[in-house]
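So, in structure tokens, the structure goes:
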């Protein structure tokens, strides 16, 4: 298997002894090096992906093509941050500017003055 950009791969001891056992990792490919190497080996640049689907570290790895395996299932990255509505410049965190729309009036007045 020849990897391409965006591939999600399982890198384990089959790809290289340095990734055997508990050193195995999930890897998202961002670059495939085309410089010549030993037959059947390749340099890849990408990101180590954790169990939540988030990139944790950028790495360059040297592995055997025959040992590459695509990851068949992954969990989607979770969205742990709550989204907040747009806060106006007058909003000091108490929500008052959003309720009385004073931030919107201030911007509209500034636009009218600029004309």
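Numbering (this note's numbering), first residue to last: 5 to 119.
Even glycine gets a Cβ: it sits at the ideal position worked out from N, Cα and C.
Where residue 9 and residue 45 are concerned, what is the direct C-alpha to C-alpha distance, given to the nearest angstrom?
17 Å
Tell me whether residue 32 sits in a helix, a strand or coil according to DSSP, three-state version.
In the structure shown, residue 32 sits in a strand (DSSP, three-state: E or B).
Closest Cβ-Cβ distance between residue 46 and chain D: below 8 Å?
No chain D appears in this structure, which consists of one protein chain only.
When DSSP builds the beta bridges, which residues end up paired with residue 68?
45
Tell me which residue opens and which closes the beta strand (DSSP E) that residue 9 is part of.
That residue, residue 9, is in no beta strand (DSSP E); it is neither H nor E in DSSP.
Which word fits residue 81, buried or exposed, when buried means at least 16 other C-beta atoms lie within 10 angstroms of its C-beta?
Bear in mind that the predicted position of residue 81 carries a pLDDT of just 42, short of 50, making it too unreliable to give a figure here.
Cβ neighbour criterion (16 or more within 10 Å) applied to residue 7:
buried
Distance, residue 60 Cα to residue 70 Cα
25 Å
Using only the alpha-carbon positions, how far apart do residue 66 and residue 37 sit?
Rounded to the nearest whole angstrom, the CA to CA distance from residue 66 to residue 37 is 10 Å.
Distance, residue 47 Cα to residue 15 Cα
13 Å
Measure the C-alpha to C-alpha separation of residue 12 and residue 31 and round it to an integer number of angstroms.
6 Å
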